[in-house]
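**Q**
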Amino acid sequence: MKTNLTNHEKNNRTLVIFIALLLMFSAQVYAQTDTIQTNVSALKEVYANDFYIGCLLSYTHVGFPDDPPVPGQSGVVAPNGGNLIKFHMNSMSPGNNMKPQYTVDISASAAAYNAASPGAERDSVDTHPIVRFNGNLIAQLNWAQRQGFTFRGHTLVWHSQTPGTSFFRSGYTNGGARLTKEKMAERMDNYIKEVIRLLHEGWPGLLTAMDVVNEAVNDNGADRTTDSEWYITFGDNTYLMKAFESARKHTVAYGEPQMKLYYNDYNTHNPNKANGIVRICAPIFQAGYLDGIGMQEHDANNSPTAAQWISSYDKFDPICTEMAVTELDVTTGSASPSPSVLATQANQYGQLFKCFVERSYFSGRGKIINVSKDGLNDRYTYKTNQSSSLWDARNQCKPAFHAVVDVGNNYNALDSLISYADTLRESEYTIESWSNFAAALASAQNAREQNYSASVSAAEALGEAKDNLNAAIAGLVKITTGVNEANGNTPKVFSLSQNYPNPFWSGATSPAFGRGNPTTTIEFSLPENSDIYLVVYDAQGRIVADLARGPYNAGYYKLDFNASDLGSGIYFYKLEAGKYTDVKKLMLLK
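Every position in the sequence shown, counted from 1, becomes a number in our numbering once 4 is added.
1) Mind the definition here: the stretch 402-413 touches the stretch 462-469 only if three or more C-beta pairs lie below 8 Å; say whether that holds.
2) Quick one: which unbroken alpha helix (DSSP H) runs of 4-plus residues sit fully inside the stretch 235-321? Chain order, please.
3) Per DSSP, what kind of secondary structure is W438 in: helix, strand or coil?
4) Compare the Cα-Cα distances from N374 to each of E527, R182 and M299 and report the closest residue.
5) Within 10 Å of its beta-carbon, does K482 have 16 or more other beta-carbons around it, so buried, or fewer, so exposed?
6) Sorted by chain position, which residues of the same chain lie with C-beta nearer than 6 Å to L593's C-beta, five sequence neighbours on each side aside?
7) Give the DSSP-derived three-state secondary structure of G559 in the structure shown.
8) Could you work out which residue in T212, I422 and V460 is closest to A4 when comparing CA atoms only?
9) Count the other CB atoms within 10 Å of the CB of I574; is the residue buried (16 or more) or exposed (fewer)?
10) Mind checking D70: buried by the 16 CB within 10 Å criterion, or exposed?
11) Do you know how far the Cα of F360 is from the Cα of L202?
12) Let's see if you can read the secondary structure: which residues bound the beta strand (DSSP E) around W162?
13) Whole angstroms is fine: what's the gap from Q149's alpha carbon to Y63's?
14) Within its chain, find whatever has a CB closer than 7 Å to the CB of I435; leave out the 5 residues flanking it on each side and keep chain order.
15) Taking C-alpha atoms, which residue in F320, I323 and P403 lies nearest to S342?
16) Using 10 angstroms around the beta-carbon of Y293, count the other beta-carbons present and answer buried if the total reaches 16, otherwise exposed.
17) Which same chain residues, not among the five before or five after V497, have their C-beta less than 8 Å away from its C-beta?
18) To which residues does DSSP link I372 through a beta bridge?
19) What residue does the beta strand (DSSP E) around F576 start on, and which one ends it?
20) What's the gap between the Cα of L183 and the Cα of Y243?
21) Would you call the stretch 226-234 and the stretch 164-183 in contact, with 3 or more CB pairs under 8 Å?
22) Does the beta-carbon of A257 have 16 or more other beta-carbons within 10 angstroms, so that it is buried, or is it exposed?
23) State the CB to CB distance for the pair G354 and A462, rounded to an integer number of angstroms; the pair is presumed to be in contact (CB under 8 Å).
24) With DSSP collapsed to three states, give me the class of D4.
25) Alpha helix (DSSP H) containing M192: first to last residue?
26) Determine the direct distance from the alpha carbon of A458 to that of E205, and round the result to whole angstroms.
27) Between G76 and chain B, is the shortest Cβ-Cβ distance under 8 Å, so that the two count as touching?
28) Tell me the rounded alpha-carbon separation between S95 and T330.
29) Since N305 and T335 are thought to touch, with beta carbons under 8 Å apart, how far apart are those beta carbons, to the nearest angstrom?
30) So, are the CB atoms of D295 and C324 less than 8 Å apart?
31) Buried or exposed: which applies to Q41, given that a residue is buried once 16 or more other Cβ atoms fall within 10 Å of its Cβ?
32) Which one of P122, G76 and K264 has the shortest CA to CA distance from G157?
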């Protein structure tokens with residue numbers, strides 16, 4: 005049966021088809037444009053000799069289609085997220101799924117308590133909470149293990165995202181009596197034990213760090229009290245030492261000594277907060293339970309300054325064996341920042357990474373062993389609508405990414421050049437070339453040591469210093485030396501030989517002099533160690549080249565004198581060595 009459509013129905017059908025095609029096209033475009041860029045340097049390779057490069061996110065941001073499924077896991081929301089993280093990183097932390105709110109099964113614990121017989125059985129259940137890992141955490145741990153990543157645990161004890169007041173009350177219900185300090189210490193110990201046991205049994209050796217306690221200090225440096233069920237239940241901050249003591253005991257018992265134990269906090273560049281962190285952590289470190297300090301680093305486009313960050317680092321240095329940047333981002337204040345704002349963000353990221361790399365653990369320069377950024381990209385991150393990441397919402401590298409790469413490459417190259425430069429000896433090179441080199445070296449050392457800011461690019465300054473020092477090293481003119489091979493003896497007398505060739509020709513090829521070459525060789529001999537002075541001067545007595553000066557050992561020497569900057573004429577070269585003086589004439593033709 006044929007149906008006749010009205011014009012209105014035809015228009016509606018056309019509109020539906022158009023919208024469907026538009027959605028299909030948009031999906032295809034997005035799938036194409038969020039493909040990661042592999043024609044850039046991988047961050048984990050740039051900083052391979054400095055620290056791990058990591059991220060704090062969830063499995064849904066990194067899962068691959070062929071990952072073995074885990075019961076209870078959520079669907080992947082970022083199809084290319086795993087490729088981005090695998091390309092650039094070698095470390096990972098969970099977003100929320102290892103926090104006690106997600107690992108303590110409060111309902112099952114309460115049910116077990118109610119089912120237990122009153123007395124000893126119920127008392128035991130009351131201090132042994134049921135701990136389980138959800139599907140997303142298991143899937144993420146599996147993913148990290150398959151990729152060969154290290155893993156940072158986050159977190160065991162926190163005032164937030166803990167199962168309400170019920171975790172601190174008898175029977176695991178809000179109506180139960182608050183546990184005594186002693187009972188809560190038992191419950192905490194068994195809870196930590198279960199987390200470590202599950203990690204050891206499922207992923208032995210995977211974790212290299214665990215944030216045992218998170219955010220126990222206010223910005224003014226005082227203990228977090230009224231908003232912390234841990235502090236309220238214990239009546240003081242002794243829960244901190246107990247948490248670290250338990251974590252140490254169980255990591256050792258389960259054979260996980262590589263799992264370093266951390267205190268982690270935000271706003272660590274705040275001087276009052278840093279002082280508070282030192283106050284609570286110093287005794288724990290001295291007791292042998294704390295290994296590291298974690299600095300979250302949710303930063304702004306102009307804060308912290310390098311000086312602020314370094315000040316806190318220096319405060320933490322005596323109370324830990326390693327440090328980590330755990331949740332790094334730099335917010336711009338806008339979801340669509342202007343190019344100038346992105347340039348400022350790039351400088352801020354650059355100056356922070358300069359602070360990190362010059363204090364990196366693997367290089368031996370400091371204690372920063374891990375730098376982990378928060379989230380996946382500008383779309384999937386804690387700081388939403390802030391354009392805070394190194395990658396935009398479609399995984400494309402932002403100016404900040406390139407600044408971070410350039411800081412790593414340029415700083416390490418410059419540091420190696422300076423180390424090499426320090427091995428060079430002034431007496432082996434001509435005075436003029438050494439003078440240029442010495443100036444470039446001083447400038448390079450200053451560039452390496454100085455702090456940068458959101459308005460001054462560390463990447464560019466380090467790159468310029470590297471290039472200038474590299475050119476100065478290449479421009480060094482070496483004074484060659486060797487003992488007479490005929491008899492192997494040192495010279496008997498001082499001598500200054502006639503240069504050769506002489507005359508020498510620096511112009512075009514000539515029938516008389518052959519191919520132009522502005523270089524002539526000068527030889528001299530020293531029968532004893534001497535302070536020497538070798539110069540070239542013109543017919544008016546003006547010094548035109550300073551060839552060698554300073555202490556020289558006894559021996560036969562020769563050097564090449566390049567006269568390309570001089571005009572044709574008669575010149576003289578003079579050697580002074582102790583009481584010895586001699587002058588020779590040379591002729592330059594052009």
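Think of the CB as a built atom: it goes at the ideal place given N, C-alpha and C, for glycine as much as any other residue. The structure displayed is predicted, hence computed values, not measured ones.
**A** Quick look at the numbers:
1) Yes, the stretch 402-413 is in contact with the stretch 462-469.
2) Residue ranges of uninterrupted alpha helix (DSSP H) with 4 or more members, entirely inside the stretch 235-321 and ordered along the chain, are 242-257, 275-290 and 310-320.
3) Reduced to three states, the DSSP call for W438 is helix.
4) Residue M299 is the option with its Cα nearest to N374.
5) Within a 10 Å sphere around the beta-carbon of K482 sit fewer than 16 other beta-carbons, which makes this residue exposed.
6) In the same chain as L593, and ignoring 5 residues on each side of it, the C-beta atoms closer than 6 Å to its own belong to P507, W509 and S572, in chain order.
7) Taken through DSSP and simplified to helix, strand or coil, G559 comes out as strand.
8) Since the first and last residues shown for the chain are 5 and 594, residue 4 lies out of range.
9) Exposed: under 16 other Cβ atoms inside 10 Å.
10) Looking at its Cβ environment, which holds fewer than 16 other Cβ atoms inside 10 Å, D70 is exposed.
11) Looking at the two C-alpha atoms, the distance is approximately 33 Å.
12) Run containing W162: T154 to W162, per the beta strand (DSSP E) assignment.
13) Those two C-alpha atoms are separated by around 13 Å.
14) Once the five neighbours on either side are set aside, the close Cβ partners of I435 are D550, L551, A552 and R553.
15) Ranking the options by Cα distance to S342, first place goes to P403.
16) Buried.
17) Closer than 8 Å at the Cβ level, and outside the excluded window around V497, lie S529 and P531.
18) Per DSSP, M327 and S364.
19) For F576, the enclosing beta strand (DSSP E) starts and ends at G573 to A581.
20) Between L183 and Y243, the C-alpha separation is close to 13 Å.
21) Two segments are said to touch when three or more pairs of C-beta atoms, one from each, lie closer than 8 Å; by this definition the stretch 226-234 touches the stretch 164-183.
22) Around the C-beta of A257, fewer than 16 other C-beta atoms lie within 10 Å, and the residue is accordingly described as exposed.
23) Sure, about 4 Å apart at Cβ, within 8 Å.
24) The chain is shown only over 5 to 594; residue 4 falls outside these bounds and no answer can be derived.
25) K185 to G206 is the span of the alpha helix (DSSP H), which, as asked, contains M192.
26) Distance between the alpha carbons of E205 and A458: 46 Å.
27) Looking at the structure shown, chain B is missing, and only one protein chain is on hand.
28) Approximately 11 Å, taken between the alpha carbons.
29) With a contact defined as Cβ atoms closer than 8 Å, N305 and T335 qualify at about 7 Å.
30) Result yes, Cβ atoms of D295 and C324 sit closer than 8 Å.
31) Classification of Q41: exposed, given that the 10 Å Cβ count is below 16.
32) Ranking the options by Cα distance to G157, first place goes to K264.
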